[in-house]
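Undergrad: I have a structure here, written as structure tokens, and I will follow up with some questions on it.
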Amino acid sequence: MIYKRGCNTKGVNGTCNKCGERGACGVYWYKFMWQGKLVRESTKQGNDKVARQMEAAHRTSLAKGEVGIREKKAVPTLLEFCSSRVEPWAKARFEMVCHKNWTWYRTGIRALTGYKPLASAHLDQISGELASEFAAHRLSAGMQVSTANNSLRVLRRILNLAVEWRVISAAPKVKVLSGERRRERVITVEEEARYLAAAPEPLASIASVLSDTGMRPEECFRLSWENVTWLNGRNGTLLVTYGKTTAARRVIPMTPRVRGILESRWKEACKREEGWVWPAPTRSGHIEPSSLRKQHAKTFKTMAGEAAKRSQKPMRPFVLYSLRHTFLTRLGQSGCDAWTLARIAGHSSITVSARYVHPSEDAVLSAMSRLGGHKTGHNRSRAQRAGEQRLLTQ
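Add 7 to a position in the sequence shown, counting from 1, and you land on the number used in this note's numbering.
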């Protein structure tokens, strides 16, 4: 209901001569009960029709709030959402903990926001077709399929974050391109020996550790002395506390070669109990991928020169990550099951580990023989089965 409050006798400065009120005197108010509570407000209007409209609007807004209806907020564009929310979030979360993840986000965001049709599109207007157009644009610019797919994966992650943060209600399907080349180079024992013989320090030591532990290069670079234990196991263990997922935190046993390398460095460092195993004059204080890039390239040049002198074919170059892939491949060929391999490698999904495990025919036959016949019921004699049948028919 609406009603007038006050006596509407104006005096000096708009104040009523009788009640002394200002502004509320002589205007319509409305009041009604909502959920057992009294709602009473001034319309600040002297027109009864306008007052009734304001009361109806207030009732409507309360009804919308009661059933969870809200006025739609303006959905930001991809550029606005990345600059104001995603990029600050990724930097705060990954820059100091996992710099490679932060670089992945930053590089992908720059590529996405550099494409104007995608950067200016609102998040709820981005579709799979627009993502495909962006991928085609990247390929036309001379990018590899893997580079375009990395940007598409960042876009997919951004849209999923928008759903998680309730900026949009649903995310479109963003499909990656086929034909991506994977880093599946497996280094032979001979190639590994030639590479280690030609590599200078500390590249040779780091490559040996990667080849015998299967650590990711970033995990090896961030190895510290407080995470090296000399007494556990046969040759000691390494505790990996740094990685891109929670599964990366794991304990890796050391081989005799790894123990010999780390023990000699430990003695040269005056048996320090803390600090980086591979210190370097970098911003982080330890060796970075850029620190070994020149040594790695120089090693292949040296091997190519030696092969030319011997009239041999030069060895095909590989990246340091191939040493991890080689270790896991050898581990899978040795008969290691996928669950154990995932624990050693620090995989968050068993699907990734299953790629390295390829059971041979002998392994399948051995597993069937270990099962035996007694668990399947096929090893019972004919007389025993006939006796059981008679008992059932009685």
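Glycine is no exception: its CB is placed at the ideal position from the N, C-alpha and C atoms.
#1: The alpha helix (DSSP H) that contains residue 123, what's its start and end?
#2: Could you give the DSSP three-state label for residue 47: helix, strand or coil?
#3: Using the Cβ count rule (16 or more neighbours within 10 Å means buried), how would you classify residue 30?
#4: Going along the chain, which residues of its own chain have a beta-carbon closer than 8 Å to the beta-carbon of residue 334, five neighbours each way excluded?
#5: Excluding the 5 residues flanking residue 94 on each side, which residues of the same chain have their C-beta closer than 8 Å to its C-beta?
#6: Taking the alpha helix (DSSP H) that residue 334 belongs to, which residues open and close that run?
#7: Can you check whether the CB of residue 242 is closer than 8 Å to the CB of residue 262?
#8: I believe residue 141 touches residue 125 by the beta-carbon criterion, under 8 Å. Please report the beta-carbon distance rounded to the nearest angstrom.
#9: Any idea what DSSP makes of residue 356, helix, strand or coil?
#10: Residues in its own chain within less than 6 Å of residue 258 by CB, not counting five upstream and five downstream?
#11: Using the Cα positions of residue 212 and residue 228, report the straight-line distance between them to the nearest angstrom.
#12: Where does residue 261 fall in DSSP's three states?
#13: What number of angstroms, rounded off, separates the C-alpha of residue 206 from the C-alpha of residue 340?
#14: What three-state label does DSSP hand residue 41 in the structure shown?
#15: Which residues in the same chain have their Cβ closer than 6 Å to the Cβ of residue 192, if we skip the five residues on either side of it in sequence?
#16: If distances are taken between C-alpha atoms only, which option among 157, 200, 209 comes closest to residue 188?
#17: Is DSSP giving residue 246 helix, strand or coil here?
#18: For my contact list, residue 159 and residue 177 are in at a C-beta cut-off of 8 Å; report their separation, rounded to the angstrom.
#19: Pick from 300, 150, 195, 182: whose alpha carbon is nearest that of residue 224?
#20: Taking DSSP as the reference, what is the three-state secondary structure of residue 9?
#21: Using three-state DSSP, classify residue 36 as helix, strand or coil.
#22: From the DSSP output, in three-state form, read off residue 209 for me.
#23: To the nearest angstrom, how far is the alpha carbon of residue 196 from that of residue 338?
TA: Judging by the given coordinates:
#1: From DSSP, the alpha helix (DSSP H) with residue 123 extends over 123-126.
#2: Residue 47: strand per DSSP, three-state reduction.
#3: Legend: pLDDT at residue 30 = 48, less than 50; position of this residue unreliable, no value from coordinates given.
#4: For residue 334, where only same-chain residues beyond five positions count, the Cβ hits under 8 Å are 217, 218, 219, 220, 221.
#5: Listed in chain order, the non-local C-beta contacts of residue 94 below 8 Å within the same chain comprise 112, 113, 116, local neighbours out to five positions each way being set aside.
#6: Residue 334 -> alpha helix (DSSP H) spans 328-340.
#7: At the C-beta level, residue 262 and residue 242 come within 8 Å of one another.
#8: Contact check for residue 141 and residue 125: beta-carbon distance about 5 Å, within the 8 Å limit, so the pair qualifies.
#9: DSSP places residue 356 in coil when its eight states are reduced to three.
#10: So the qualifying residues of the chain are 244, 246.
#11: The straight-line gap from Cα to Cα measures roughly 12 Å.
#12: For residue 261, the three-state secondary structure derived from DSSP is coil.
#13: Rounded to the nearest angstrom, the gap between the Cα atoms of residue 206 and residue 340 is 27 Å.
#14: Residue 41 sits in a strand when the DSSP states are folded into three classes.
#15: Excluding its 5 nearest sequence neighbours in each direction, residue 192 has C-beta neighbours in its own chain below 6 Å: 325, 329, listed in chain order.
#16: Closest in alpha carbon position to residue 188, among 157, 200, 209, is 157.
#17: In the three-state scheme derived from DSSP, where H, G and I count as helix and E and B as strand, residue 246 is classed as strand.
#18: No, residue 159 and residue 177 are not in contact; Cβ-Cβ is about 18 Å, not under 8 Å.
#19: Checked all of 300, 150, 195, 182; the closest Cα to residue 224 is 300.
#20: In the structure shown, residue 9 falls within a strand segment according to DSSP collapsed to helix, strand and coil.
#21: Strand at residue 36.
#22: Assigned with DSSP and collapsed to three states, residue 209 falls in coil, not helix or strand.
#23: Between the alpha carbons of residue 196 and residue 338 lies a gap of roughly 14 Å.
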